[in-house]
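Since the structure comes first, as structure tokens, the remarks are kept for the end.
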Amino acid sequence: MRRVSISLVVLLALTVLSTSVTANQSFADETKMSKELIEELSKTGDIEVIVQFNGPSSSRLWQALESKGAEVLGKLSVLDGGLISASPTSVAKISKFSFVEHMELNIPLEYFFLPGDQDDVESMMHETIHVVNASMAWHRVIIGTDGVIKTESDLSFTEYDGKGATAVDLDTGIDGEHPDFDCGEPWSGEKLIWSAKWTGLAWVDAPNCNSDTSSGHGTHVGGTIAGNGDASAGRHLGTAKGASIVALGTGDGASIFAAVEGLEWTYQHSRPGLNEYNIRVVSNSWGTNGDYNPNNAVTLLTDMLTYDNGVAVIFAASNSGGSGEEGEDDLRTNVYANTPSAISIAALTHDGGAVTSFSSRGWSTQQHTWPDLGAPGRNIWATAPRGTAIDASTTAQGDLYYMAISGTSMATPHIGGIATLLIAAAPSLGVADYQIEDHDEGQSQYFDASPKGLQFEDWNQRNESRVHEVELILELTSNYEIVKNSCEDGNEDDPCDNIPEECYLSSNTGMCHDWRVGHGLVDTDKALALARTLQIMRDPDEDGFLDNPGATVWDAFAHYEDIMDTREIPLRTDQLRHAWKGEWSHFNNGPTSTFGTYSTDDRHYVWIPNGTFEMQISFSSLGWDSNTAQVAQIRPNVDLGSDGNDDAQGQGTVVGDTIFIQLDVSQEHWGKWTEFDVTGTAISLPFNSILSGSEFLEPRVPYTVDVLLTLDVTSDILVEVPLRNDGYSDLDPAPPSDLYDPSSANDLLMLRPVYDESLVPEYNKESTFLSESGIGILTLMVAVVIILLIVGGAGSFLVLRRGPKSYEAELVTESETNM
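Heads up, the sequence shown is in numbering that gives the first Met the number 0, so the first residue is 0 and it goes up one at a time.
Here is the structure:
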């Protein structure tokens with residue numbers, strides 16, 4: 000009898016305890032909770048929760064949470080709230096506080112990458128900057144609104160390459176010691192302006208500029224955004240090769256709260272008037288799958304960055320494949336990419352001709368879950384870190400400074416760099432108050448079915464439905480036809496044949512789009528032309544003050560193609576030049592290596608036009624580095640005509656750290672590439688590097704190369720520089736040689752694609768049209784004829800008189816201006 004009584008007591012106690020826990024959970028206010036948090040309440044053990052308040056944070060509110068058993072792990076500075084750890088029972092109780100606005104589970108960050116194909120050597124020879132047409136955008140000569148070609152102080156053509164703007168790489172960090180980021184010696188501070196690591200409490204300077212110590216994911220992403228290619232003599236470039244980067248390393252095993260802190264840092268440092276580094280883009284190759292949640296912390300900060308600060312927020316669409324026909328609980332796209340103000344990126348094949356098998360498809364009946372754009376994401380070659388998990392898995396690819404991996408993580412930074420390039424060229428770009436994201440409400444626009452997912456009856460009126468002008472520009476200029484019903488093998492769920500001939504037209508852009516690729520393969524060249532057309536309409540005198548802030552992307556869309564042309568540009572000179580820089584590295588310090596077993600691949604190419612008779616080469620390198628006790632002796636190999644012979648062997652005059660080489664060029668070399676390479680020896684005693692924990696212990700020798708070509712201009716010469724698939728090379732005007740006689744010389748003609756900004760029409764405030772929903776729509780604009788000014792005068796180097804398809808230009812020397 001006694002045993003029965005004890006058993007009954009225990010049973011009653013367990014019943015009471017069970018009832019108590021169940022009651023506490025059942026009394027949770029689930030309307031304030033994310034789906035993932037609700038599911039977690041049925042488990043045991045403490046939960047990490049991001050909690051938001053509906054008013055300013057105060058010690059009283061934090062004490063109230065602690066009174067319910069919560070431990071405060073971190074406090075937010077932009078949003079009102081922070082991170083707590085609490086039992087399911089405590090979480091349920093906390094949700095009942097009237098000052099609690101929203102609660103979400105602090106889930107682990109997922110990075111969307113896959114191993115690259117170790118045997119795909121061909122992709123190494125095909126840079127994706129060409130697939131997205133970034134190299135064509137750099138290649139175009141810029142003719143200003145005054146009709147004068149824009150040049151730099153050395154007479155080289157000005158480029159739109161992202162210089163002047165900064166992108167945040169919010170990821171696992173960046174190994175800033177890599178030569179392509181110029182954070183360490185010898186090019187300190189020219190590319191990676193800050194590399195920081197999240198400690199759990201604050202962002203701190205990363206030792207040796209290395210905030211990517213265990214993954215390598217973020218280093219690869221950063222190189223695709225804005226790497227300068229120094230470890231490859233400028234071949235492996237980011238899409239915004241001239242831009243700057245901030246690396247915020249959340250670290251591996253990090254959770255959403257670390258990313259939230261990164262977005263908060265970005266918000267605080269991109270505020271108008273307080274934006275020292277012109278931070279206007281944040282690239283995010285992480286997330287988790289799910290439908291748009293307007294209340295979570297990442298979404299709120301995405302909206303604030305876009306609408307308050309004009310920052311373009313880019314997100315990977317995810318690597319979960321699918322067909323677009325998944326059920327309500329099986330959405331494959333990234334919850335954060337599905338935020339209307341964010342730009343969601345699908346992964347295309349290396350050549351941009353198809354969607355990859357792994358790239359996430361949105362729900363076919365819910366447009367806001369569709370990717371917005373596509374970019375290459377298969378076998379993308381970019382910067383490799385040292386001593387990380389990904390780096391260790393890619394060493395068989397044969398390059399210790401670059402690696403190939405795949406994923407929407409790799410597609411996203413292409414757009415991150417392109418967005419940075421656009422904003423650098425058109426700083427007025429911001430939120431498009433006149434444009435909203437596509438959405439299905441009540442009935443699918445394209446199918447006889449009810450839309451899946453979140454519904455908003457007031458979608459067209461919601462502030463949060465608006466998009467960034469960068470997104471609209473990229474959507475209007477992307478190439479959809481190339482990827483329509485085109486899928487990579489490997490996704491058995493997707494039949495890839497269900498887009499009709501007439502396609503699915505977006506009601507907001509008037510362009511084709513679908514749940515696989517959004518609006519298609521991005522085209523940097525066209526996007527830049529559209530962005531510049533809009534910028535000039537808003538600021539026609541380019542003084543930095545917007546005369547016509549009401550001009551929209553749609554106003555510019557009617558005219559942007561007019562500024563894109565190919566012209567013969569006469570130059571009054573007989574010399575052309577090409578210059579680049581790099582870092583030659585040579586492994587002799589490692590414990591398992593032997594002297595000279597590996598050096599960087601420093602091949603670079605210079606086009607030799609018809610009529611060239613002389614090549615002058617100036618090659619400068621650092622022979623002695625006292626910081627590392629490094630001694631180096633390197634020189635260029637020069638293979639005229641790429642026939643396998645070093646035509647510079649044994650030649651050259653050494654003056655200090657510079658070698659001057661002069662080579663005769665014959666007719667057999669015309670119309671061909673000259674291949675440059677760097678060879679030599681170096682040894683160092685990197686005691687300081689070892690003590691500081693550096694992972695780059697090999698000798699690293701910085702160098703610069705300047706090549707000057709002299710041409711015979713006694714007859715007409717037409718120069719056209721082709722674009723290579725395995726890198727980027729160009730020719731620019733240079734001052735005339737001492738042999739040049741302007742009275743008898745013919746014009747040296749360069750056939751170049753141009754952006755002719757003098758053709759941008761004056762903005763007509765009465766000509767803006769709105770769509771039937773009150774949003775900007777494609778409309779034929781009233782043609783406006785303007786008078787193009789002929790610009791001349793002292794101080795101009797290139798003076799143009801514009802004809803239908805050609806220019807008469809001259810290089811004016813300082814002595815001539817004083818005559």
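Every residue gets a Cβ at the ideal spot worked out from N, C-alpha and C, and that includes glycine.
Every value quoted in this text rests on a predicted model; they were computed, and no experiment measured them.
- Distance between C486 and H518, taken at the CA atoms: about 15 Å.
- Put simply, of D350, K74, P494 the residue whose alpha carbon is nearest the alpha carbon of A410 is D350.
- Shortest Cα-Cα distance from D168 to any of E327, H129, R139, T249 involves T249.
- Annotation for F52: the continuous beta strand (DSSP E) segment containing it runs 46-52.
- Taking 3 residues as the shortest admissible run, the region 531-582 contains the following complete beta strand (DSSP E) segments, listed from N- to C-terminal end: 563-570.
- Boundaries of the alpha helix (DSSP H) harbouring M135: 133-138, taken from the DSSP string.
- Distances from the CA of D711 to each of N295, Y739, K240, Y702 were compared; the closest alpha carbon is that of Y739.
- In the three-state reduction of the DSSP assignment, N308 falls in the helix class.
- Going by C-alpha positions, H219 is about 5 Å away from A381.
- Contiguous alpha helix (DSSP H) elements confined to the region 351-439 occur at 388-392, 407-424, taking only those with 4 or more residues.
- Between D170 and G217, the CB-CB gap stays under 7 Å.
- If you draw a 10 Å sphere on the C-beta of G172, you find 16 or more other C-beta atoms in it, and that means buried.
- For A232, the closest alpha carbon among the candidates S736, I417, H577, T680 is that of H577.
- The residue from A166, H101, G429 with its alpha-carbon nearest to that of L299 is H101.
- Non-local C-beta neighbours of Q615 in its own chain, meaning closer than 7 Å and more than five positions away in sequence, comprise Q661, L707, ordered along the chain.
- As a beta-bridge residue in DSSP terms, S194 pairs with A246.
- With a beta-carbon spacing of about 7 Å, G361 and G323 fall inside the 8 Å limit used to define contacts.
- Rounded to the nearest angstrom, the gap between the Cα atoms of H129 and V720 is 15 Å.
- Between L545 and G241, the alpha-carbon positions lie close to 25 Å from each other.
- Under the 8 Å Cβ criterion, the region 503-518 does not count as touching the region 722-737, having fewer than three qualifying pairs.
- Minimum Cα-Cα distance from A195 among the listed residues E189, N209, T611 corresponds to N209.
- Excluding its 5 nearest sequence neighbours in each direction, S714 has C-beta neighbours in its own chain below 7 Å: N745, listed in chain order.
- 7 Å or more divides the Cβ of S359 from the Cβ of T338.
- For the pair P735 and E541, the Cα-to-Cα distance works out to about 31 Å.
- The beta carbon of S76 lies closer than 8 Å to those of E263, Q267 in the same chain, with the five residues before and after it left out.
- Distance from S363 to W514 at the Cβ level is roughly 5 Å; contact confirmed, criterion being Cβ atoms closer than 8 Å.
- Shown here, E39 sits in a helix according to DSSP, grouped into three states.
- By the Cβ-count criterion, E463 is buried, with 16 or more other Cβ atoms from all chains shown falling within 10 Å of its own Cβ.
- Close CB contacts of D646 within its chain, under the 8 Å cut and outside five residues either way in sequence, are with V637, D638, L639, L662 (chain order).
- In this structure, F695 lies near E176, with their beta-carbon atoms less than 7 Å apart.
- Sequence-distant Cβ neighbours of P608 in its own chain, meaning closer than 6 Å and more than five residues away, are V718.
- Nearest to I313 by C-alpha distance, out of P293, A239, V245, S408, is S408.
- DSSP links F612 through a beta bridge to no other residue.
- Judged by DSSP in its simplified three-state form, V521 adopts coil rather than helix or strand.
- In this structure, T532 and A239 do not form a Cβ contact; the two beta carbons are roughly 20 Å apart against a cut-off of 8 Å.
- Approximately 38 Å separates the beta-carbon atoms of V664 and T627; this is outside 8 Å, ruling out the contact.
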